[in-house]
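Residue numbers (the working numbering): 3 to 372. Think of the CB as a built atom: it goes at the ideal place given N, C-alpha and C, for glycine as much as any other residue. Since this is a predicted model, take the numbers as computed values, not measurements. Accompanying notes for the structure given below.
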Amino acid sequence: MSNKLRVGVVFGGRSGEHEVSLRSAASIFREIDRNRFDPVPIGITPAGQWILVDDAKLEQTLAKGFAAGAGRPVHFPGNIDTKGFLLEERPGCFSPLPLDVVFPVLHGTYGEDGTVQGLFEVLAVPYVGAGVLGSAVGMDKGIMKEVFHDSDIPTPDFVIVKRRDWERSPEAVSLTLMKRFAFPMFIKPANLGSSVGVTKVKSAADLRPAMDEAAKYDRRVIVEEGIAGREFECAVIGNDDPVAPVVGEIIPSNEFYDYYAKYLDGLSEGIIPADLPEAVAQEIRSLAVRAFLATDCAGLARVDFFVRSGDNKVFVNEINTLPGFTSISMYPQMIVASGVSYSQLVTDLIELALERHADRQRSLTRWDGK
Numbered sequence: 003m004s005n006k007l008r009v010g011v012v013f014g015g016r017s018g019e020h021e022v023s024l025r026s027a028a029s030i031f032r033e034i035d036r037n038r039f040d041p042v043p044i045g046i047t048p049a050g051q052w053i054l055v056d057d058a059k060l061e062q063t064l065a066k067g068f069a070a071g072a073g074r075p076v077h078f079p080g081n082i083d084t085k086g087f088l089l090e091e092r093p094g095c096f097s098p099l100p101l102d103v104v105f106p107v108l109h110g111t112y113g114e115d116g117t118v119q120g121l122f123e124v125l126a127v128p129y130v131g132a133g134v135l136g137s138a139v140g141m142d143k144g145i146m147k148e149v150f151h152d153s154d155i156p157t158p159d160f161v162i163v164k165r166r167d168w169e170r171s172p173e174a175v176s177l178t179l180m181k182r183f184a185f186p187m188f189i190k191p192a193n194l195g196s197s198v199g200v201t202k203v204k205s206a207a208d209l210r211p212a213m214d215e216a217a218k219y220d221r222r223v224i225v226e227e228g229i230a231g232r233e234f235e236c237a238v239i240g241n242d243d244p245v246a247p248v249v250g251e252i253i254p255s256n257e258f259y260d261y262y263a264k265y266l267d268g269l270s271e272g273i274i275p276a277d278l279p280e281a282v283a284q285e286i287r288s289l290a291v292r293a294f295l296a297t298d299c300a301g302l303a304r305v306d307f308f309v310r311s312g313d314n315k316v317f318v319n320e321i322n323t324l325p326g327f328t329s330i331s332m333y334p335q336m337i338v339a340s341g342v343s344y345s346q347l348v349t350d351l352i353e354l355a356l357e358r359h360a361d362r363q364r365s366l367t368r369w370d371g372k
C-alpha cells in the first residue's frame with residue numbers, strides 16, 4: 003500500500019475565471035512532489051458537472067478545456083465515512099473516491115467565496131486555503147472593507163450601494179456619491195473577481211453607466227475613492243502565525259489593473275521584489291499579515307495595496323484568498339523570490355491544510371454534557 007497522500011486537485015468551475023483555474027492547476031500537476039503525493043484530478047465543467055479526469059486526457063483538458071468523455075462523474079456521498087467523494091463507474095454503480103486532502107484551485111465565484119469550502123467542511127475533508135468565513139469575507143469587498151475599517155487597517159474611503167436603491171433613485175444616489183468622492187472614483191461589484199465589472203469613473207457622465215455595469219453582477223455595489231499612486235501586492239503564507247516575506251509591484255498596461263491588463267493583453271509587468279524604501283515595504287508586509295488575520299484567512303492569500311504618490315501613505319485595497327497559481331502568477335513568484343521553490347510551496351500549503359483541519363477537529367460541535 004502506498005504511503006503517499008491522495009491530493010484531490012479541484013479545478014475549473016462555473017466562474018469567469020475558469021480558464022485561469024485550468025492554468026493554475028496545470029502548474030500544480032507539473033510541480034507537485036510525486037514522491038509524497040498522489041494527485042487526483044477532479045475537474046468542474048463550466049456547466050457545474052464534477053468529473054474525475056482521465057489521466058490520458060488531463061493535459062489536453064488543462065490546455066483546451068473540458069471535452070465530452072474527459073472523465074467519469076464524481077458525486078457527493080451521503081455521509082462522511084467515505085472521506086472524499088463517490089465515483090460513478092456506470093449508471094447507478096458507485097465506488098469510493100477517498101482523499102486525504104483537497105487543493106481547490108477555483109478562482110472567483112463558487113470557488114473562493116466559501117461555498118465549496120462549506121462542502122469540504124460537511125464532508126470532513128481537509129482543504130488548502132481559507133475556511134468558509136475567511137473565504138466569504140475575502141470575496142465580499144464590502145464586508146472586507148468593513149472588517150479592515152473596524153481593525154484600523156487603512157483602506158480607501160468607500161460606500162456600499164444596494165442595486166435596489168440605485169435602480170429606484172439613481173439621481174439621488176449619484177448626487178450622494180459626488181458629494182462624498184472627488185473624481186476619479188472606482189465602482190465595482192461587491193462580489194466578483196478579476197476586476198470584472200470595475201470602472202474608473204472620471205466624470206459625472208461616467209457614473210451612471212459604471213453603476214449599471216457593476217449592478218449587473220451583484221446586488222451590492224461598492225464605490226471607492228481613487229488613490230493616485232502605485233499598486234503593490236504581498237504574498238502571505240501560514241495559519242495562526244502567518245508571514246509575508248516579499249512585496250511585488252504591478253505595472254498595469256492599462257490605466258488600472260483591469261481584466262484586460264491582468265489576463266488578455268499580456269503587457270502588464272510584475273516587479274519582484276518591489277523597488278521601495280524599506281520602511282514602506284515593511285509597513286506593507288505588516289499590514290498584509292494584519293489583513294490576513296483580521297479576515298480569518300488560512301494557508302495563503304495575496305494582499306493588494308496602493309501607495310499614494312507624494313507621501314507614500316499605504317492603503318490596503320483587498321485580500322485575495324485563492325490567488326492565481328500559475329508558475330508566472332504573482333503569488334507563487336513572490337514566494338519563490340523568498341527562496342522557496344514552487345514545488346515546496348505546494349507541499350507547505352498541503353501541510354498547512356492538514357494542520358488547520360486537525361485544529362478544527364479539536365472543536366466540539368455539540369454539548370458533551372460536562
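Could you give the distance in angstroms between the alpha-carbon of residue i and the alpha-carbon of residue j?
i      : j      : result
Asn81  : Val161 : 43 Å
Gly131 : Glu148 : 22 Å
Leu194 : Pro211 : 18 Å
Tyr129 : Arg362 : 12 Å
Ile253 : Ser4   : 46 Å
Asn319 : Ala293 : 10 Å
Asp306 : Lys143 : 12 Å
Ala65  : Asp152 : 43 Å
Gly240 : Ile274 : 20 Å
Lys202 : Met336 : 28 Å
Ala58  : Val238 : 35 Å
Gly113 : Thr367 : 25 Å
Lys6   : Gln346 : 16 Å
Pro156 : Glu91  : 53 Å
Glu215 : Glu233 : 24 Å
Is DSSP giving residue i helix, strand or coil here?
i      : result
Tyr333 : helix
Glu114 : coil
Thr201 : strand
Phe150 : helix
Val248 : coil
Val127 : coil
Val342 : coil
Asp313 : coil
Gly120 : helix
Glu21  : helix
Trp168 : helix
Asp57  : helix
Arg364 : coil
His109 : coil
Pro100 : strand
Phe294 : helix
Gly136 : helix
Pro279 : coil
Taking the beta carbon of residue i as the centre, do at least 16 other beta carbons fall within 10 Å, making it buried, or is it exposed?
i      : result
Leu177 : exposed
Asp2   : Examination of residue 2 is not possible in this model, given that the chain is present from 3 through 372 alone.
Trp369 : exposed
Ile286 : buried
Ser365 : exposed
Gly71  : exposed
Arg221 : exposed
Asp115 : buried
Thr84  : buried
Ala296 : buried
Ala263 : Bear in mind that a pLDDT of 46 at Ala263, under 50, signals an unreliable position, so the number given afterwards is only what the model happens to contain. Result: buried.
Ala206 : exposed
Measuring CA to CA, which of the options is closest to residue i?
i      : options                           : result
Gly301 : Val282, Asp350 and Leu54          : Asp350
Thr328 : His109, Glu227 and Cys236         : His109
Gly14  : Ile44, Ile155 and Gly94           : Ile44
Pro93  : Val342, Gly86, Arg74 and Asp152   : Arg74
Gly10  : Phe87, Gly136 and Val223          : Phe87
Pro334 : Arg358, Pro98, Cys236 and Leu356  : Cys236
Ile145 : Ser171, Ala192, Pro100 and Arg170 : Ala192
Arg8   : Ala360, Gly371, Lys372 and Leu356 : Leu356
Asp243 : Glu215, Val200 and Ala290         : Ala290
His20  : Ser331, Gly326 and Gln346         : Gly326
Ala138 : Ile155, Thr117, Val127 and Leu125 : Thr117
Arg310 : Pro158, Pro172 and Ser343         : Pro158
Glu33  : Tyr219, Val342 and Gln284         : Val342
Pro279 : Lys315, Gly272 and Asp298         : Lys315
Give a yes or no on whether the C-beta atoms belonging to residue i and residue j are separated by under 8 Å.
i      : j      : result
Glu251 : Ala276 : yes
Val42  : Ile352 : no
Val2   : Ile53  : An answer regarding residue 2 cannot be provided, because it is not within the stretch 3 to 372 covered by the chain.
Ile229 : Phe317 : yes
Val198 : Ser340 : no
Val225 : Met187 : yes
Val107 : Val245 : no
Phe31  : Leu60  : yes
Phe183 : Lys204 : no
Gly50  : Thr323 : no
Gly231 : Phe308 : yes
Leu99  : Leu89  : yes
Ala303 : Ile330 : no
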